[in-house]
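Peer 1: Please read through the structure below; I'll follow up with questions.
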Amino acid sequence: EGHPARLVEPSPLPKEMTLCGEPMPLHNPLVLEMLDREIHITVWDRASVLMAAKRAARYFPFIERRLRELGMPDDLKYLSVAESNLRTNAKSGAGALGTWQFMKATGMRAGLRHDPSMDERLDFERATEAALLYLKKLREMFGSWAAAMAAYNCGENRVRTEMNEQRVSDYYRLNLPPETERYLFRIAAIKLVMENPARYGFRIPSEALYGPVPCDAVSVDIRQPVHIADLAQGLGTD
């Protein structure tokens, strides 16, 4: 009677993979289990996967171009999905803001303006530039992209302290805060699903993707405050 229960099957696991060009030690059963967990959490949050794919068509081209120009791994674009699901106005309970989830102090150190009239953490292009340069600095500081991404999550001081106390520099051997221990596996899961959505049960037609927002960039020299509504009205918009 009724409808038969829908069959639920485990999502496929890779036998090997790299993240930012660095091999993940999937031969270690504990590492594989960590990845397994994040793949299934990602796949079953189907709305988030669909929205990330839609937004990626709009935002990834800019991130990919800047990564190429800076000589950085393309996989770093998936960090922005892990941080905000590509929502430019995302805000965490701790006060992190924007696509790359900068805290106020970290954003200011990275060169983002923050004052009563502007918060550049909410500017996608400026925040992307700051995030990539910060990640590049962390990579130079810690010697691997894995450790750099961990430091992006929990702070460079925490990673440095843990490395010194544990006498280990390999991310996959470090004891870190639980969120940071999951962080790279979440990014890896996002990479797997977004690179091959059909393998994980998603069919996303191209017409469902979001296109870029057409805009012009114009430099202006303003000597006194101008109300944004007056500026918009002068341009024939709102």
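The opening residue of the sequence shown carries number 19 in the working numbering; numbering runs sequentially from there. Every residue, glycine too, gets a C-beta built ideally from N, C-alpha and C.
Please specify which runs of the alpha helix (DSSP H), each continuous and at least 4 residues long, are wholly inside the stretch 159–193, giving them in chain order.
Peer 2: As far as the stretch 159–193 is concerned, its whole alpha helix (DSSP H) runs of at least 4 residues are 163–172, 174–184.
Peer 1: Do the stretch 49–56 and the stretch 232–243 make contact, defined as three or more Cβ pairs closer than 8 Å?
Peer 2: Not touching, per the Cβ criterion.
Peer 1: Of the residues 100, 86, 112, which one's Cα is nearest the Cα of residue 167?
Peer 2: The shortest C-alpha separation from residue 167 is found at 100.
Peer 1: Could you check how far apart the C-beta atoms of residue 35 and residue 216 are, in whole angstroms? I think they sit under 8 Å.
Peer 2: Not confirmed; about 18 Å, so no contact.
Peer 1: In the structure shown, what three-state DSSP assignment does residue 132 receive?
Peer 2: In the structure shown, residue 132 sits in a strand (DSSP, three-state: E or B).
Peer 1: Just tell me which of 39, 57, 43 has its CA closest to the CA of residue 30.
Peer 2: Ranking the options by Cα distance to residue 30, first place goes to 57.
Peer 1: Nearest-angstrom Cα distance between residue 82 and residue 94?
Peer 2: Going from the Cα of residue 82 to the Cα of residue 94 covers about 9 Å.
Peer 1: Less than 7 Å between the C-beta atoms of residue 148 and residue 130, yes or no?
Peer 2: Yes, they are a contact pair.
Peer 1: Pick helix, strand or coil for residue 33, following the three-state DSSP scheme.
Peer 2: Reduced to three states, the DSSP call for residue 33 is coil.
Peer 1: Residue 230 and residue 76 - do their beta-carbons sit closer together than 7 Å?
Peer 2: Contact: yes.
Peer 1: In three-state DSSP terms, what is residue 27?
Peer 2: It is coil, neither helix nor strand.
Peer 1: Is residue 164 closer than 7 Å to residue 194 when the C-beta atoms are compared?
Peer 2: No, Cβ-Cβ distance for residue 194 and residue 164 is not below 7 Å.
Peer 1: Indicate whether residue 125 and residue 144 have their beta-carbon atoms separated by less than 7 Å.
Peer 2: No, these two residues do not count as a Cβ contact at 7 Å.
Peer 1: Could you pull the DSSP bridge partners for residue 40 from this structure?
Peer 2: Residue 40 is bridged to 37.
Peer 1: According to DSSP, is residue 115 part of a helix, a strand, or is it coil?
Peer 2: Correct three-state label for residue 115: strand.
Peer 1: State the start and end residues of the unbroken alpha helix (DSSP H) segment that holds residue 221.
Peer 2: Counting along the chain, residue 221 falls outside any alpha helix (DSSP H), and DSSP gives it neither H nor E.
Peer 1: Kindly indicate which residue of 245, 189, 223, 178 has the alpha-carbon position closest to the one of residue 275.
Peer 2: In the structure as shown, the chain begins at 19 and stops at 256. Residue 275 is therefore absent and cannot be evaluated.
Peer 1: DSSP state of residue 93, grouped into three classes?
Peer 2: Helix at residue 93.
Peer 1: Any idea if residue 191 is buried or exposed, counting beta-carbon neighbours within 10 angstroms, 16 or more meaning buried?
Peer 2: Exposed: under 16 other Cβ atoms inside 10 Å.
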